[in-house]
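Student: First to last, the protein sequences are chains A and B. Residue numbering for the first sequence follows the working numbering, starting at 64 and increasing by one per position. Residue numbering for the second sequence follows the working numbering, starting at 64 and increasing by one per position. Here a beta-carbon is modelled for each residue, glycine too, at the ideal position from N, C-alpha and C. Sharing a structure below in structure tokens format, with a few things to ask.
2 protein chains.
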Amino acid sequence: MVTGLYIMAGGDKGAHMDEFSVIEKYFAPLTMGQSGAAGLKDDGAVIAIPEGFELVVTSDTLNEGVHFMIGEAPAMIARKALRVNLSDLASMGAKPLCYQLNIAFPDMAEEAWLEAFCGALLEENEMFGIYCSGGDTTSIKSDYLSLSITAFGLVPCGKAVRRGGAKAGDLLVLTGAVGDAALGLKLLLEGIDSANNLAIMRYRLPDPRVGIERILQKYVNAAADVSDGMIADSMHIARASGLGLEIDLDKLVFSKDVEKAIENGDFSREKAATGGDDYELVLAISEGKLGEVLTEMRNNNLNPLVIGKFTDNGLSFSVIEDGKYRKAGKGVGWKHF
Amino acid sequence: MVTGLYIMAGGDKGAHMDEFSVIEKYFAPLTMGQSGAAGLKDDGAVIAIPEGFELVVTSDTLNEGVHFMIGEAPAMIARKALRVNLSDLASMGAKPLCYQLNIAFPDMAEEAWLEAFCGALLEENEMFGIYCSGGDTTSIKSDYLSLSITAFGLVPCGKAVRRGGAKAGDLLVLTGAVGDAALGLKLLLEGIDSANNLAIMRYRLPDPRVGIERILQKYVNAAADVSDGMIADSMHIARASGLGLEIDLDKLVFSKDVEKAIENGDFSREKAATGGDDYELVLAISEGKLGEVLTEMRNNNLNPLVIGKFTDNGLSFSVIEDGKYRKAGKGVGWKHF
């Protein structure tokens, strides 16, 4: 399909690159020489799945001005788009393999932008041991970029961790601190920006829980990544498993930035628990396996928190704060339910 | 990730559906009950690959006003987006399996639109024996829709048909008539629209060459689907295979509409050979296998045409028209080379 892509070339003023030059120069190196991707010259990629493994597939679209700030740095966009997908693979217990990259450019994208974007992806590929298997580069009738990634991971057959596998009595375990991304977004929307602000950086650049897939495959009954908000995503698990859930906000541990913002009254535990984009994992783990899981996670430099329990009390959700039960409801912010 | 999706509900004025209601009502049925897709409630889908098979993956993005007309009917958008991907799978010799659907809505999309879009996809699923394995629904800062599909197919290990497999002496075979889509687009841009015009319908609704994958796996050395234009896509094969190519335009057979437009001077053989969006296949086939291939294709209701030959004459491309050699060049329209 003729895409009408038009990238303003660096150097010569007025010169431009067509789709094929762009693919060859910037995107083909992202295949990391994998023969199945054929340097992005075939109509599709061929992906061999090792015997005994299943494929896990996930997609996320990121739109400028919706999922990242207008004018965000290309390297940040690249890293975030990839990492939100890797986070989904992590929550399924899958080891990342490769990804398809579909990118719709506004008119007159510039080569320098592409260079920074693809340079960052190359670094991500190396960091996570993955490659780009294919995709599409197009132009869009808009001033804003739209980017879709479909990521692929491998999991031993039958070992994928689903949302619906929690059992009554399972503990709800969170892999780390939440709230930083929501605080970071709040600061950005208030016009505060600083590369030294950890909360802002955590919003802009998620740190997906890649590398603990064997722990998930071995011990975890159900999981979700914290993208919609910790409470909402924990409830996704409870719902899919047909269980009730009690979450104890007093068990949360926050970063120094979030703690300070809560103390100052600029932020709240509730906002930390319901804001999105944390990319920690929430896990359902049977009590008998808890000790092993916590040990293995700490060995992986994580600080897991036991923050709740799945119950057979219908689909009833409740939240404990300051030692008191609070019935879950719209006011707590998980509008999705 | 919070998507900000906002779909205006049918019925109640001012009511709207959030992302989760939209997924449950419209997108979950597209999984056709496949357990690996978990009703779109997991972070990803689990796809089992039968032993002895490889996965073929392809992506196409379609943007309103670029890849289809502004205001195009939702059912047509749905069918076209899926079929251009199925065409890529067909050219690789892969049998379609499933797809990820990433759709970015402009503000205030309406439920009636969604209903028509997903209704058409459901029909396509049944027609092609496929299902939706997952995806993402988001909102975009634009008045125009953007849609990405990543499609998956299966092929016996080692049997995927690549672009780089042509051999000197192979014949170039085209699976049918080209030019209709380019003529249809020309008419649409001139403001002519008619549901009864076959050329326009062929632009709006491609007919991918699904169902002949076993012929490709068994006999074909290299293939591409005709999306950029028949000459450009044939040259992709030659380039990837390190060969020269002679194409004889006199061997092309056109539809009645295209033939008539050429006679009237409104269109040309060159335009038919260089316009895009035909979604026929161009194939490299060794002379010894030609008879069998033509017979099997005719048994599948195709009208294949032998229109050229791959040569070991460097990367030299030439075109024959009215019995005379014409050197390939910019004037012939394949700007990609």
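1) Measure from the C-beta of LYS30(A) to each C-beta in chain B and report whether the shortest distance is under 8 Å.
2) Using three-state DSSP, classify CYS181(A) as helix, strand or coil.
3) Take the Cβ of MET80(A) as the centre, count every other Cβ of all protein chains shown within 10 Å, and call the residue buried at 16 or more, exposed below.
4) Quick one, which of ILE212(A), GLY197(A) and ASN126(A) has its alpha-carbon nearest ASP151(A)'s?
5) Check PRO92(B) in the structure and name its three-state DSSP category.
6) Tell me the rounded alpha-carbon separation between VAL236(A) and ILE348(B).
7) For the stretch 122-133 of chain B, list every residue whose C-beta sits within 9 Å of some C-beta in chain A, in sequence order.
8) Do you know offhand how far ALA72(B)'s Cα is from ASP313(A)'s?
9) Taking ARG277(B) as the query, report the chain A residues whose CB atoms sit under 8 Å from its CB, ordered along the chain.
10) Which chain A residues sit within Cβ distance under 9 Å of LEU152(B)?
11) Which residue spans inside the stretch 211-267 of chain B form an unbroken beta strand (DSSP E) run of at least 3?
12) Compare the C-beta of SER196(B) against all C-beta atoms of chain A and say whether one is closer than 8 Å.
13) State buried or exposed for SER202(B), treating a residue as buried only when at least 16 other CB atoms are found within 10 Å of its CB.
14) Tell me, which residues are paired with ASP341(B) by DSSP?
15) How many Å lie between GLU359(A) and VAL129(A) at the Cα?
16) List, in chain order, every chain B residue whose beta-carbon is nearer than 9 Å to that of TYR207(A).
17) In chain B, which residues lie less than 8 Å from ARG226(A) when you measure between Cβ atoms?
18) Is LEU118(B) close to chain A, meaning its C-beta is less than 8 Å from at least one C-beta of that chain?
19) Is VAL289(A) helix, strand or coil when you go by DSSP?
20) Assuming VAL218(A) contacts GLU117(A) under a Cβ cut-off of 8 Å, what Cβ separation, rounded to an integer in Å, is found between them?
21) Based on Cα-Cα distance, which residue from SER297(A), ALA240(A), VAL273(A) and LEU308(A) lies nearest to ASN148(A)?
22) In angstroms, rounded to a whole number, what distance separates the CA positions of LEU365(B) and ALA157(B)?
23) Chain B beta carbons: is any one of them nearer than 8 Å to that of ASP270(A)?
24) In angstroms with no decimal places, state the Cα-to-Cα distance between GLY307(A) and LYS204(B).
25) Among GLY254(A), MET298(A) and LEU368(A), which residue has its Cα nearest to the Cα of SER381(A)?
26) What three-state label does DSSP hand TYR207(A) in the structure shown?
27) Of the residues ASP123(A), GLU384(A) and ILE300(A), which one's Cα is nearest the Cα of ALA285(A)?
28) Between LYS393(B) and chain A, is there a C-beta pair that is closer than 8 Å?
29) With DSSP as the reference, please indicate the residues paired to GLU127(A) in a beta bridge.
30) Looking at chain B, is there any beta carbon in it that lies within less than 8 Å of the beta carbon of ASP199(A)?
31) So LEU93(B) and CYS195(B) are supposed to be a Cβ contact under 8 Å. How far apart are they, rounded?
32) Quick one: is MET71(B) near chain A, going by C-beta distance under 8 Å?
33) In the DSSP assignment, what residue or residues form a beta bridge with TYR79(A)?
34) How would you list, in chain order, the residues of chain B whose beta-carbon sits under 8 Å from the beta-carbon of MET155(A)?
Tutor: On the basis of the coordinates in this document:
1) Missing from the structure shown is residue 30(A); chain A here goes from 64 to 400 and no further.
2) In this structure, CYS181(A) counts as helix in the three-state DSSP scheme.
3) It is buried - the Cβ of MET80(A) has at least 16 other Cβ atoms within 10 Å.
4) Of ILE212(A), GLY197(A) and ASN126(A), the residue nearest in Cα terms is ILE212(A).
5) DSSP places PRO92(B) in the helix class (H, G or I) of the three-state scheme.
6) Cα to Cα, the separation comes out at about 58 Å.
7) The residues in question are SER122, ASP123, THR124, LEU125, ASN126, GLU127, GLY128, VAL129, HIS130 and ILE133.
8) Going from the Cα of ALA72(B) to the Cα of ASP313(A) covers about 39 Å.
9) What ARG277(B) touches in chain A: nothing, since even the nearest Cβ is about 17 Å away.
10) Here the neighbours are ASP106 and GLY107.
11) Counting only unbroken stretches of 3 or more residues, the beta strand (DSSP E) elements lying wholly within the stretch 211-267 of chain B are 234-237, in sequence order.
12) Among the residues facing chain A, SER196(B) is included, as its CB has a counterpart in that chain under 8 Å away.
13) The residue is buried, with at least 16 neighbouring Cβ atoms inside 10 Å.
14) In the DSSP output, where bridge partners are listed per residue, ASP341(B) has none listed.
15) Distance between the alpha carbons of GLU359(A) and VAL129(A): 37 Å.
16) What TYR207(A) touches in chain B: ILE203, LYS204 and SER205.
17) Chain B residues near ARG226(A): ALA101, LYS104, ASP105 and ASP106.
18) The C-beta of LEU118(B) comes closer than 8 Å to at least one C-beta of chain A.
19) If DSSP states are grouped into helix, strand and coil, VAL289(A) belongs with coil.
20) Sure, about 6 Å apart at Cβ, within 8 Å.
21) If you compare the alpha carbons of SER297(A), ALA240(A), VAL273(A) and LEU308(A) with that of ASN148(A), the shortest gap goes to VAL273(A).
22) Across the structure, LEU365(B) and ALA157(B) are spaced so that their CA atoms are roughly 18 Å apart.
23) Cβ-Cβ to chain B under 8 Å: no for ASP270(A).
24) About 38 Å.
25) Comparing Cα positions, the closest option is MET298(A).
26) Assigned with DSSP and collapsed to three states, TYR207(A) falls in coil, not helix or strand.
27) Among ASP123(A), GLU384(A) and ILE300(A), the Cα nearest to that of ALA285(A) belongs to ILE300(A).
28) Here LYS393(B) scores only 42 on pLDDT, less than 50, and its place in the model should not be relied on; the value that follows carries that caveat. Interface flag for LYS393(B) against chain A is unset, since no Cβ pair is found closer than 8 Å.
29) The partner list for GLU127(A) (beta bridge, DSSP) reads PHE131(A).
30) Chain B has a Cβ within less than 8 Å of the Cβ of ASP199(A).
31) Correct: roughly 4 Å between the Cβ atoms.
32) Not closer than 8 Å to any Cβ of chain A, the Cβ of MET71(B) fails to qualify, so no.
33) Here residue 79(A) turns out to be His, not Tyr, going by the sequence shown. Paired residue(s): MET71(A).
34) Simply ASP105, ASP106, GLY107 and VAL109.
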